[in-house]
Every structure is written in C-alpha cells, then in structure tokens.
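Only one structure is covered here, and it is reproduced in the block below.
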Amino acid sequence: MVKHGVRILAEGNSHSFSGFSSDTGLVKSIDWKQGMIIAMGVPILILPGIYDIAGTAWGLSIFIWTLSVVQGFAQNLAIGEMAAALETPGIGGCAQKVFTKPNGGRYGLGKFVGAFTAWSYWFTWTPVIPIFTCTSVDYISKFLEYGLGMEPLSSEMTLAFQLIFGIVVFSAIIFVGSKGLSGGAKLGLILALIAILPLLVVVAMPLLGLTVGGGELTGFSLDRIIENLTPDGWGWSAGDFMMVFGMFAYAQWCACAWESAATYGAEYKNPGRDVPKALISAGLVCLALYFIVPFVVYGMMTPEQIEAWGVSTLYPIAQFDFGDIGLILALVLLVAGMIMLIQTAFLGSSRTLYFMGHEGNMPKMFTYTNKNGAPLVAMFFQFAMGIIFIIIIHFGSVGMILAASSFGFSFALGMGMLAYIVSKRSPRFKDLPRPYKAPRGWYYVACFLMIYQFFVLIPCLAYWCINGGIENGTFSVIIGAVILMLYIPIWFLLQYFHGKAEESCFVCKRSVEEYNTYVTTQKNLDFAEKEDILEEMDNLPVILVGNTYISLCPICYELTFGFSSDPEEKESGRKKDIRRYLLDHKPE
Numbered sequence: 008m009v010k011h012g013v014r015i016l017a018e019g020n021s022h023s024f025s026g027f028s029s030d031t032g033l034v035k036s037i038d039w040k041q042g043m044i045i046a047m048g049v050p051i052l053i054l055p056g057i058y059d060i061a062g063t064a065w066g067l068s069i070f071i072w073t074l075s076v077v078q079g080f081a082q083n084l085a086i087g088e089m090a091a092a093l094e095t096p097g098i099g100g101c102a103q104k105v106f107t108k109p110n111g112g113r114y115g116l117g118k119f120v121g122a123f124t125a126w127s128y129w130f131t132w133t134p135v136i137p138i139f140t141c142t143s144v145d146y147i148s149k150f151l152e153y154g155l156g157m158e159p160l161s162s163e164m165t166l167a168f169q170l171i172f173g174i175v176v177f178s179a180i181i182f183v184g185s186k187g188l189s190g191g192a193k194l195g196l197i198l199a200l201i202a203i204l205p206l207l208v209v210v211a212m213p214l215l216g217l218t219v220g221g222g223e224l225t226g227f228s229l230d231r232i233i234e235n236l237t238p239d240g241w242g243w244s245a246g247d248f249m250m251v252f253g254m255f256a257y258a259q260w261c262a263c264a265w266e267s268a269a270t271y272g273a274e275y276k277n278p279g280r281d282v283p284k285a286l287i288s289a290g291l292v293c294l295a296l297y298f299i300v301p302f303v304v305y306g307m308m309t310p311e312q313i314e315a316w317g318v319s320t321l322y323p324i325a326q327f328d329f330g331d332i333g334l335i336l337a338l339v340l341l342v343a344g345m346i347m348l349i350q351t352a353f354l355g356s357s358r359t360l361y362f363m364g365h366e367g368n369m370p371k372m373f374t375y376t377n378k379n380g381a382p383l384v385a386m387f388f389q390f391a392m393g394i395i396f397i398i399i400i401h402f403g404s405v406g407m408i409l410a411a412s413s414f415g416f417s418f419a420l421g422m423g424m425l426a427y428i429v430s431k432r433s434p435r436f437k438d439l440p441r442p443y444k445a446p447r448g449w450y451y452v453a454c455f456l457m458i459y460q461f462f463v464l465i466p467c468l469a470y471w472c473i474n475g476g477i478e479n480g481t482f483s484v485i486i487g488a489v490i491l492m493l494y495i496p497i498w499f500l501l502q503y504f505h506g507k508a509e510e511s512c513f514v515c516k517r518s519v520e521e522y523n524t525y526v527t528t529q530k531n532l533d534f535a536e537k538e539d540i541l542e543e544m545d546n547l548p549v550i551l552v553g554n555t556y557i558s559l560c561p562i563c564y565e566l567t568f569g570f571s572s573d574p575e576e577k578e579s580g581r582k583k584d585i586r587r588y589l590l591d592h593k594p595e
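Here the sequence shown is numbered in my numbering, starting from 8 and rising by one per residue.
Take a look at the structure:
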C-alpha cells in the first residue's frame, strides 16, 4: 500500500462522503471578557433561591449565599486549570477526557464515569432554561395584575404565555448563537448593561437612602435582619446543621454556577490567560452581588413578605426605590437578566452535548456544527427540552425542578474535583503543559471539596428536601434520581449501536463479514492488476484521522490513499472523484 498517511484524509472533510455537514470543531473565537460576560447572567440565579431558602433559614441565608460564592472560588480555580490544560469544555468535557482511558473498551468504567458526570452537568444547566422562562412570565404577569390592574391570567393562559415566550426567546438565542460564540457574547454584553448594572442600583439605593418610597415596604433596617436571623425553634441541633448544609447544596446551584465561564475552555483564543481571568472576574462580581442582594432583601422585607411575593422579591424593592415607575424598571431589568441567564444555560448545555457526542456518549448528530462552529443540532435539542420542561414546571413547581437539578450539580462538582485530582497524579496528564495553574497545594483543597460534595452536601440536600425545605421536596429527590439514573440504560444502548457502527467501514459501510464475502466472491477481480491479493480479515483496521479513530477496510484505504494507474492520483494519494468512484463500486 502507498501510505501517504492519515494526514491527507484528515485535511479533508472526513464526513463528506456521506453528504452530511460534519463536525468542523468549535472555533477559538472569544477572549476572557466575552467569557465573563456570558457568565454574567449567573447573579440572577439568586432570585428564586432567596424565596426558597427564606422559608428555612431566614436572615441566616445571607451568610449561606456569601460563603457559597467563596466555595465557588475554591472549586472553580481547579476547574479553570483543568479546562485550560485540556482545552476542553468545563466539567463535563474534562471528566470525559480524564476518566476515559485509551483502549479502555467500549463499556469501560472510566468512559461511563466520565459520561455520567457530563450528563449530571447537563442536567444542572438544562432546567435553568425553562425555570427562568417561567419566572420571567411570572414577573410580566405580576406587572399586568398590579401595574395595569388586569385580572390574573388563568392556568391555561399562563401556560400558553410561557410557551410563546419560550419559543420567541429560544429562537432568538439560536439565531444569535448560530453566528458563533462571539455573537452570543455580544448579545450578553447588551443584556449585561441592561440587567447587571440596574440590578446593582436597585439593591444599592436603599443602603444609600436614595429612595422615593412607595408600596408596602418601609425602608432598609439592620434590626429586621437581626430579628429574623433564624426561625422560631431553631436550636442548632444535628438536624438543623443538616438543614444548613442542605441549603448550601441548594445555594451552590446558584452561587457557584459562574464556573460556566470555564465551559468554553475549548473556544478561548488563549486558554492559559483567558480562563483564569474570566473565572476570577465573574467570581468577584458574583461575590459582591450574592452578598448585597440578600442583605438588602432581608433588610427590607420580613419572611412573610418574601413568602407572599415568591420569586418576585425585587419587585416591591424597585417600587420603593422609584415609586410606580419602579414597576416598569423592575420588569425590564429582571426579564432582561433572566433572558441573559437563559442564554448562558443554552450555550453551556448545548456545548456539553456537543462534547458528549464527540466522545461517543451521546448520538453523533450532536457533533455537527455550522461554518461558524456553533453546534446547531445540540442547540435545537435544548430548544425542545426547554419546551418539555416548561410544561412539566407548569404542572409542578419551579422549586421542585431546581432542587432536583441541584443533585446533578453536586455530583458533577464532586466528580469535577476528582477529575482534577486524577489529572494531577495520572501519568497521562501529570506532565501536561498547564498554561494556568491553581495556587500551590490546591490538590488537597480539591480532595476536601470532593469529600464535602459526596458525603456532606448530597445527603444533606436530600434531608432538607424531604423535611420541608422545598415544596414537594420528596418528589425533587425522586425526580433528581430518576433523571440521573435514566442515563445508565441510554449510555449502554449508545455504546452498543456505536460499536456496531465502528465495526463497519467508514467509507463503504461494509461490515467485516460483508467485506470477506466481497473479496471471496469477486476473487479480487477488481484488483487483478495488483500484486497484493486481498485476504479475509477478522476485524477491520482502525486508523487515526485527526482526533478520531475510524474503521477503514483495505479496499477503501487503497482507494483513498494509494494505488492507481493515474500518475496524478499516484502522486497525490487522492482520487480525483472518489464520491463517483464509490457510487460506482457500492456493494449491492
């Protein structure tokens, strides 16, 4: 065989034979500022959390929110180092790369662990899309009711409103995202200016005394926080401590989510410089807002008032700041912020699906990208899942799905720390160039955080849910377990069908049995001019094309790389019109 090598095939479009658009790879198109901007939707995550945690911890939750962001720094510095070194999307991508061993087999334990971690991470972000679609509609509905004096929407009208709002927002995100990740960052910049700065103004004005008054609130009071620091009967028993750690697990779903800046590790122009800058910048903004927002909310409102307003806790505060105009301002800034967060979740979860498909842990169709490097198939899948979850939330509750998703995030973070530990000690990664390094000794910090996630936060989250921390808390535990466990049979089915595909030739699609039959019945008549006589084989050869291993039968290998009577084809190692040749020689 004339071994012009794999390079020729790799330089071409390796999927072009089938006529489909192929995996062109994610494009390195953003810098740290754009990555930080995309993650700036994260502070809005606190809005439903303030309402949910207030029922258990009251003013004590101010400390829970703040410490959760500090915990996020410890976790995300490790994730940032790992993502920059591997140039791989965030927790899900890194886990698949670290745990999947070379030649580990189709059903290897490491491959499954990496895939299950990525699935958990996907389950973390996907519910954000419908949760904040429904929350946005709740804010708009309250404005129609309290601001314009309209009758409350019926259940059927609310569902229709949620679906229409979701379709419009998801379509806009896909349209902008199809231009590439930098296009999403530009949309994020616009929404950041609309949402983040006004959010800060709304919560800062009561502290500065620059309010006009209005509505049912009377102003900020530190005494209100002290008086409502803990609920009646709180005694710091073992059960109370478990409730606190359960709330830490719930709060980290909101307060630690700025690691999404590392999700785009493969798309930064300079990962070593951009990943840590994006993470630290986003973290500092979150630290400030996750302290100020609950501090002002609990200083302005009693637990009973928070319960009455639900997820719309900033609504009456904005009204107190600006009077009736505040109703419109609250609506604009918070809905814009929630759309920004939907965009963050949409882009992050679609890229998790992309990498899972690339690793063979989700259908291969998720790896298809357009010319701008946007994983459109994965984005349309997220569109469909968003609509399905909107319907589920309508007949259940936002908090129930959020708590269920928190189990996925806790597991993903624990496995993320384990992946970091393995990447520091495994011979495969120990000597890997690390453009950015976490502070010295972070290996031991990661060990502690892994134990903390698995043996403290996850059990305590279940305890908090079951013991009244969230509405329908028992169902949250069941839903979380079912969705996570559902992936196990899915993964085994995927490996089975992927294995069948891998056993056939990438070009002509013959199985090894079909190939053997072909060369036997044809008696090599097609290749009589060759000295080499094609023999039967037990398995088809596997070759490396770019970053992907493919099976290629000897016939197609020769036709692609080698022999020909045409001098030009001999010199180049490439058929002039291989598609036409393959069609003419397609097996019956």
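The beta-carbon is built from N, C-alpha and C at its ideal position, and this holds for glycine as well.
Environment of residue i [buried if 16+ CB atoms lie within 10 Å]
i	result
L532	For L532, the predicted model reports a pLDDT of 49, less than 50, meaning its position is unreliable; a value from the coordinates is still stated below. Per the 10 Å Cβ criterion, exposed.
R113	exposed
S127	buried
F4	Since the first residue shown for the chain is 8 and the last is 595, residue 4 is missing from the structure and cannot be characterised.
G220	exposed
S68	buried
D30	The predicted position of D30 is uncertain, since its pLDDT is 44 and thus under 50; no value can be drawn from it.
M307	buried
G244	In the sequence as displayed, the identity of residue 244 is Ser instead of Gly. S244 comes out exposed.
M164	exposed
K118	buried
E536	No answer about E536 holds up, because its pLDDT of 46 lies below 50 and its placement is not dependable.
P159	exposed
I203	buried
I425	It should be noted that the sequence gives Leu, not Ile, for residue 425. Per the 10 Å Cβ criterion, buried.
Y525	buried
V175	exposed
K276	exposed
V549	exposed
For residue i: DSSP bridge partner residues
i	result
I37	Y275
S433	S433 is not bridged to any residue.
Residue i vs residue j beta-carbon contact at 8 Å
i	j	result
W449	A85	yes
C261	G56	yes
Q658	S356	The shown model of the chain, from 8 to 595, leaves out residue 658, and the question about it has no answer.
I490	M457	no
G99	T124	yes
S267	T351	yes
Q103	E366	yes
L321	A337	yes
S317	Y153	According to the sequence displayed, residue 317 carries Gly and not Ser. No, the pair does not count as a contact, with Cβ atoms beyond the cut-off.
P442	P278	yes
D145	S319	yes
Helix, strand or coil at residue i according to DSSP, with G and I counted as helix
i	result
I477	coil
S185	coil
V549	strand
S244	coil
S558	strand
L532	Low confidence applies to L532: its pLDDT is 49, below 50, so where it sits in the model is not reliable, and the reading given next is rough at best. Three-state DSSP puts L532 in a helix.
S518	strand
S161	coil
S511	strand
M369	coil
N377	coil
Y443	coil
V318	coil
Y670	The chain is shown from 8 up to 595; residue 670 falls before or after that span and cannot be answered.
Reference residue i, options the options, closest by Cα
i	options	result
A256	A419, P561 and L116	A419
I465	R432, A211, A325 and Q259	Q259
K186	I397, N379 and F172	N379
L166	F513, Q460 and F396	F396
R432	S417, F414 and Y451	Y451
P50	F123, A81, T95 and L207	L207
M89	D438, I473, C512 and W498	D438
D328	R231, F373 and G226	G226
I147	E234, W243, M164 and V342	V342
A391	C515, P446 and F177	F177
A64	G423, D331, F252 and F436	F252
K516	Y564, Y503 and V76	Y564
I232	I313, F248 and V175	I313
I60	C512, Y305 and E223	Y305
V105	G115, G121 and E94	G121
F414	A285, G330, I486 and L52	I486
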